[in-house]
Amino acid sequence: MKFVLFLVFLITSFTKSMSSSQLSLPSIETLNETQGNPEKFQETVTPLLEKSPKLISELYSHLPFASYQQMMENAKGILFTEFTQDERIGVINSHPRLGTDVSKLEGLSKIEQSYSGGENKQSSASSWGELNAAYESKFGFRFVIFVNKRPIAELVPIIEGILNDPNASKDSEVNRAIQAFLDIANDRLAKLT
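The opening position of the sequence shown corresponds to residue 450 in this note's numbering, with each subsequent residue numbered one higher.
Below, the structure is given as structure tokens:
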């Protein structure tokens with residue numbers, strides 16, 4: 450019960466500190482009006498796509514969009530068929546490291562990772578840090594997963610399974626992490642529209 454009250458307090462405090470324009474996306478028509486203003490486009494879509502300038506720049510070049518869903522389909526196509534592995538790793542690494550001190554996060558990542566900490570944060574922080582380091586050492590990029598309000602303790606077996614899987618390769622993990630990045634962005638889209 451204390452944990453639930455803490456989450457309600459945290460989310461309420463955080464959302465009060467944000468303006469209402471930061472809690473929702475403008476209409477697709479308004480997004481399309483950013484044509485000619487790449488900075489405004491980047492500012493608008495960063496809550497969905499983190500600070501991934503190469504992806505955002507590519508999406509900007511595809512304006513206008515019929516819907517945000519079409520924009521996300523374009524993002525998926527760009528990520529899986531146009532970007533090199535290094536470019537996709539750049540997108541993966543634009544996502545904040547899971548388990549980062551919540552006070553150092555911004556926007557929706559702050560709310561999302563608040564769920565992943567909770568009561569388990571203190572007891573699993575050191576082991577999570579070690580697992581993150583092992584993952585990054587093995588694959589060369591950050592571990593990204595759609596947390597979906599799960600505590601770190603529920604994510605530990607997932608990252609351990611990947612680390613111990615002899616069939617897990619850099620290629621397969623890049624694909625998995627990109628899909629997780631898209632899942633996160635689509636979940637944010639559903640919440641902001």
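The beta-carbon is built from N, C-alpha and C at its ideal position, and this holds for glycine as well.
- In summary, His511 is exposed, with fewer than 16 beta-carbon neighbours lying within 10 Å of its beta-carbon over all protein chains present.
- Around the beta carbon of Ile594, 16 or more other beta carbons sit within 10 angstroms, so the residue counts as buried.
- Contact check between the segment 499-517 and the segment 573-593: fewer than three CB pairs, one atom from each, fall below 8 Å, which does not count as touching.
- Distance from the CA atom of Leu508 to the CA atom of Ile608, rounded to whole angstroms, is 31 Å.
- Between the alpha carbons of Val596 and Ala634 lies a gap of roughly 12 Å.
- By a beta-carbon distance limit of 8 Å, Arg591 contacts Asn542. Their separation comes to about 5 Å.
- When the alpha-carbon of Ala602 is set against those of Met521, Ser476, Gly548, Thr483, the nearest one is in Gly548.
- Shown here, Asn616 sits in coil according to DSSP, grouped into three states, outside any helix or strand.
- Here Ala582 is exposed: its Cβ has fewer than 16 other Cβ atoms, across all protein chains shown, within 10 Å.
- Pro545 and Leu631 have their alpha carbons spaced roughly 14 Å apart.
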